[in-house]
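Numbering (mature numbering (1 follows the signal peptide of the UniProt record, and there is no 0)), first residue to last: -24 to -1, 1 to 142. Each remark here refers to the structure printed beneath this line.
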């Protein structure tokens, strides 16, 4: 009788512990970060603005490059005496073009990096809020997973949340 009581007590204790462990189990999900990034409307809007800025920069650069090339063509036709006087003008234009290109490309790269950080922060905040609301303990980037169960994919939910904010 004592053995039966001990066995039953052990069985109930095991059942209680296992039930508690099952209830405390972590909940996982994953997200396709690159798809979330590319389908986020803010990314698309920024891409349009960046393309406009790049096109503006390219047209300005091409105009300045045309001026430098025209000056080089004229320079080649000048006499040695005239070349000495125009050489500094040509060098100044070439330096101005080089500085312009370096400055504008640096500005565009910096702006792109800042916007990418901002967009990634938006995605991170949306994932965090969704995970907390849904009781998800960990969210992984799908690129690091060897196997994924599609039921754990929260990408569409996150994209929907992000695009509703806009």
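Backbone N, C-alpha and C fix where the C-beta goes; we use that ideal spot for every residue, glycine too.
Taking 8 Å as the cut-off, the Cβ atoms of residue 25 and residue 113 do not count as close. According to DSSP, residue pairing for residue 132 in a beta bridge does not occur. At least 8 Å separates the beta-carbon of residue 138 from that of residue 107.
DSSP, read as helix, strand or coil, puts residue 68 in helix. For residue 37 against residue 76, the beta-carbon gap comes to about 7 Å, under 8 Å, which counts as contact. Separation of residue 140 and residue 49 (C-alpha to C-alpha, rounded to the nearest whole angstrom) is 56 Å.
Where residue 44 is concerned, the enclosing alpha helix (DSSP H) starts and stops at 17 to 53. Remark: three or more beta-carbon pairs, one from each stretch, lie closer than 8 Å, so the segment 28 to 36 and the segment 71 to 89 are flagged as touching. With a beta-carbon spacing of about 6 Å, residue 69 and residue 47 fall inside the 8 Å limit used to define contacts.
Around the beta carbon of residue 60, fewer than 16 other beta carbons lie within 10 angstroms, which makes this residue exposed.
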